[in-house]
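The listed protein sequences correspond, in order, to chains A and B. Residue numbers 3 to 226, in my numbering, belong to the letters of the first sequence in order. Residue numbers 45 to 660, in my numbering, belong to the letters of the second sequence in order. Note that beta-carbon positions come from the ideal geometry of N, C-alpha and C, so glycine has one too. All values derive from a computational prediction rather than experimental measurement. Taking it in order: structure first as structure tokens, then the write-up.
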Amino acid sequence: MQPSLREDYLEAIQQFSKKNTHLPRYEELAATLGKSEALVRSDMEDLVSSGDVSLLPGGVIALTGQGRQCGESVIKKHETLQCFLSEILGMDKSVASDEACTLEHAVSDETIDRLGMLMVKQEGLGHHRWGRQEKQLSSLQCTTDDENCECPSISDCEEGENVIIHCIHGRACAKRLLDLGMVPGQRVSIKRKLSNGALVVQVKGCDVALSPEIASAIGVEHPS
Amino acid sequence: MKIALLGNPGSGKSLIFNQLTGLGIEVNRYPGSSVCLECGNVCYKKEKIEIVDLPGIYSLDGNSEEELLVRKFLEQGGAEVIVAVLDATKLERNLYLFTQVTEFSPRVIAVVNMIDEAERQGLIIDVDKLSTLLGVPVLLTAASEGRDIDRILPLALGSGRVSTLQVPYDHHIEAALKSLEKTLGAPRSRSLLALQGTGDDRILLDAAGAVAHEIELRHRMSVRQIIATNRHNLSRKIAASSVRQGDRKKTYDLDSLLTRVYPGVPILIAILFFLLLSVFVIGSWMQELIVQTFTTYIILPFTALELPPLVERIGFSVLIALEAGLGIAFPFIFTFYIGLSLLEDTGYMTRAAFLADRAMHRLGLHGEAIIPMVIGFGCTVPAVMSLRILKTRREQTIAAFLISMVPCSARTVVIAGIVAAFVGIFWAFSIYVIVFILIILTAVMLSRITPGEQFGMIVEMSALRRPQVRLVLAKSWLRIKEFLFIAMPLLIITSIGLGLLQYFGVTDAFEQLVAPITVTLLGLPEYASTALLFGIFRKELAFETLAVLAGTADLGSVMTAAQLYTFAIVSILFVPCISTIAVLYRQLGARVAILISVYSVFLGLTVGAIINMLVK
């Protein structure tokens, strides 16, 4: 089997299992790739023999450790390239995606890493412009500045509640919060809440006053 | 020998410092920064030992002036032994800074302070265990009772040693530290900072930046967060195995009153009102006393000497400046500082900041800005100096504009001496109302046009405790000393300058020159412009000069009520005093200082002209 074909399969399976809650079946994988089911079936046997895929009963396809790693790496390459083509070079989004599909098989890991770094630097230059581009890049960087984080903010909590810090958005204010012990995983209790959303929280035995805009940047989860 | 005290804000460092050094404290400005370093000397076993009180900080990684200063101090090995002061009631959080200090490998001892408070909370600290874990000698003290403070020096000099404590960082971070050390020869502490993007070595920063990025990709967490979490985890482990929670005595939580909107806000207003009122009452009584004594015993005998006119003029100017300085500095500013230090030492100011956050927000500021604003009621100079606590330049600029408009105690004297005395007490209050409205309008306007980003408030609430008279006085004394050093020379120089101008008849020419403004625009007598000019160098001198020029202390007989009112409001708004301009220049640069001066001239003249038009 062609290496690029193998990578395409692994990428597709990994994508599918990320997007959906279940692993793909033959017909589902065939539908996503726009290929015939018979062809997918025979190709899967090749992938089983190369140790990338294991077949579960009922025609369910699962990736092995090696397969997942390869799939993940291809996805990352695809995203980085697509981001580079569309956001930095300004190409049309769908064209960029198609192009990325071709390039992703030939490009080396190092090139991707360097491209990623280049984009981070660009982001550093345009620091104050909180644009779409930056959001996309920061989700690509996988730092905690994940704006799509769905956990509730600490300013939604009530007085007297005990919660665990999950994430902190934004960089500017994060430093002092870290110094005061507000790190992900830390338990805090809310001692006072004013009607405007200003909080006094207790963390590590100290009371810390937070203004509303800082509080809304702190994502929390309830202890289970 | 030199030892330095280092610790979190509110860990009782200053109290220890005060008890170690007594009153022989000098305040030194660290070169190139506006942060104060307090130093004191003591004699121990016939050896002179210098003790430095480093500013209170939470971390050594940041870029605030205080953090930079302490970091530089540690990097340069500024002291032979570091005394790390830890708050026993918040040991875990305080150890976070300790773990960072050890990375600079100085000789250290740990002083666990406020052990009395910890005992009250039922916390039992195992000294031997803590000492083993930290790898340095540990001493339990209670500075407020003076307990075991005398053991600090012997222990520091005798057995301060480099800690063996090392934070077990995430293995990726450790790998990065190793590779940076191997490739660039950077020490651990510098590499850790570089990974967090701090430092000035470009090569190291670039190399560390690339590695940091890879680590961030792997962890879905910023390097700062990873490092902070590692340190906090170690601190938690140490605290957990050396601190035991025993029986806790129930105490009444005053915060249930102080941090709620009701009754917190009424309490806040009452406290501030009471502070200003008592400063005003005590201040005016003391001022009269000082000015009278000074005039009778020094100025009158001096004028009786009948020296040659030029010498007399200069000598007189110097004496007037001294009188002015003493007459305002001690009665008003010193009393105000005592009140302020009292509020700070009880821990109330952080509650005030929390409650004021919302109101300050409307002005484009944050809760913390209430502290400089309150100080501004006493004197604008220290208020501008305290602007450092605001985190962004935008906030500092807005607050600087507002502070220079807040009626300081000198301006209160003008209001009381001119308006309350000759026009009526109600009209005196109306001036306050006008000034506050102008402050709010200015703030709303500035918060729209000032560039820069908004930054929220993150303030640790200091524990409520009983203030110590000695410490309050020592603190107020240090502050007044700082004021005297900045303001006094300026007062004397400007006074001599103005005296000479008057001697050579330049002020008359000036009066003629600005007569169209004074007479036509503001409807004031010609000589009022000289009084306003004098007001630039000390606000309430405007009032005194006016009396001298008018030839009578009964201003009501020579000027109409409307004229007096206009004069008062113009002199209050018009140009901050020379000391303020100087300190604005030092703190925020020439541009802001000039802008504020120009704005206030414009504001003063406009408001004066409007009032003049209304009464006509």
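is_contact[residue i, chain B] using C-beta, thresh 8 Å
| i | result |
| --- | --- |
| residue 164 of chain A | no |
| residue 119 of chain A | yes |
| residue 202 of chain A | yes |
| residue 106 of chain A | no |
| residue 37 of chain A | no |
| residue 90 of chain A | no |
| residue 155 of chain A | no |
| residue 131 of chain A | Residue placement at residue 131 of chain A cannot be trusted, given a pLDDT of 33 that sits under 50; the coordinates are not used to answer. |
| residue 181 of chain A | yes |
| residue 60 of chain A | no |
| residue 5 of chain A | no |
| residue 1 of chain A | An answer regarding residue 1 of chain A cannot be provided, because it is not within the stretch 3 to 226 covered by chain A. |
| residue 141 of chain A | Because residue 141 of chain A sits at a pLDDT of 35, beneath the cut-off of 50, its placement in the model cannot be relied upon, and the following sentence gives the value as read from the coordinates. No, residue 141 of chain A lies away from the interface with chain B (no Cβ there is under 8 Å from its Cβ). |
| residue 77 of chain A | no |
As assigned by DSSP and simplified to three states, the class of residue i
| i | result |
| --- | --- |
| residue 476 of chain B | helix |
| residue 363 of chain B | helix |
| residue 185 of chain A | coil |
| residue 62 of chain B | helix |
| residue 431 of chain B | helix |
| residue 277 of chain B | helix |
| residue 405 of chain B | helix |
| residue 143 of chain A | The predicted model places residue 143 of chain A with a pLDDT of 35, which falls under 50 and marks its position as unreliable; any figure quoted below should be read in that light. Looking at residue 143 of chain A - three-state DSSP - the assignment turns out to be helix. |
| residue 131 of chain A | With a pLDDT of only 33 at residue 131 of chain A, under the threshold of 50, the placement of this residue in the model should not be trusted, and no figure is reported. |
| residue 188 of chain B | coil |
| residue 70 of chain A | helix |
| residue 160 of chain A | coil |
| residue 209 of chain A | strand |
| residue 193 of chain A | strand |
| residue 285 of chain B | helix |
| residue 88 of chain B | strand |
| residue 168 of chain A | strand |
| residue 457 of chain B | helix |
Anticipated Cβ contact below 8 Å, residue i with residue j, distance rounded
| i | j | result |
| --- | --- | --- |
| residue 644 of chain B | residue 617 of chain B | 6 Å |
| residue 49 of chain B | residue 114 of chain B | 11 Å between Cβ atoms; not a contact. |
| residue 640 of chain B | residue 210 of chain A | Between residue 210 of chain A and residue 640 of chain B the Cβ distance is about 33 Å, and since that is not below 8 Å, they are no contact. |
| residue 543 of chain B | residue 360 of chain B | 7 Å |
| residue 212 of chain B | residue 274 of chain B | 7 Å |
| residue 62 of chain A | residue 25 of chain A | 5 Å |
is_contact[residue i, chain A] using C-beta, thresh 8 Å
| i | result |
| --- | --- |
| residue 216 of chain B | no |
| residue 379 of chain B | no |
| residue 413 of chain B | no |
| residue 158 of chain B | no |
| residue 285 of chain B | no |
| residue 293 of chain B | no |
| residue 136 of chain B | yes |
| residue 103 of chain B | yes |
| residue 254 of chain B | yes |
Cβ shell of residue i (< 8 Å), same chain only, five flanking positions each side left out
| i | result |
| --- | --- |
| residue 132 of chain B | 156, 157, 158, 159, 161, 162, 167, 169 and 184 |
| residue 107 of chain B | 242 |
| residue 3 of chain A | 45, 48, 49 and 52 |
| residue 292 of chain B | 165 and 166 |
Buried/exposed call for residue i, threshold 16 Cβ in 10 Å
| i | result |
| --- | --- |
| residue 11 of chain A | buried |
| residue 440 of chain B | buried |
| residue 564 of chain B | exposed |
| residue 255 of chain B | buried |
| residue 110 of chain A | exposed |
| residue 252 of chain A | Because chain A is modelled from 3 through 226, residue 252 of chain A falls outside the range shown and cannot be assessed. |
| residue 489 of chain B | exposed |
| residue 88 of chain B | exposed |
| residue 100 of chain A | exposed |
| residue 529 of chain B | exposed |
Own chain, CB closer than 6 Å to residue i, minus 5 neighbours either side, in chain order
| i | result |
| --- | --- |
| residue 61 of chain B | 49 and 97 |
| residue 101 of chain B | 110, 111 and 114 |
Beta-carbon contacts of residue i that lie in its chain and below 7 Å, excluding the five residues immediately before and after
| i | result |
| --- | --- |
| residue 363 of chain B | 342, 343 and 346 |
| residue 629 of chain B | 637 |
| residue 76 of chain B | Confidence at residue 76 of chain B is low in this model, with a pLDDT of 46, below 50, so the placement of that residue is unreliable and no value is reported for it. |
| residue 447 of chain B | 416, 417, 420, 424, 427 and 428 |
Residue-level contact to chain C via CB, residue i, 8 Å cutoff
| i | result |
| --- | --- |
| residue 502 of chain B | Of the protein chains in the structure, A and B, none is chain C. |
Residue i CB to nearest heavy atom of the ligand ZN below 7 Å
| i | result |
| --- | --- |
| residue 414 of chain B | The ligand content of the structure shown is nil, which means the ligand ZN is not present either. |
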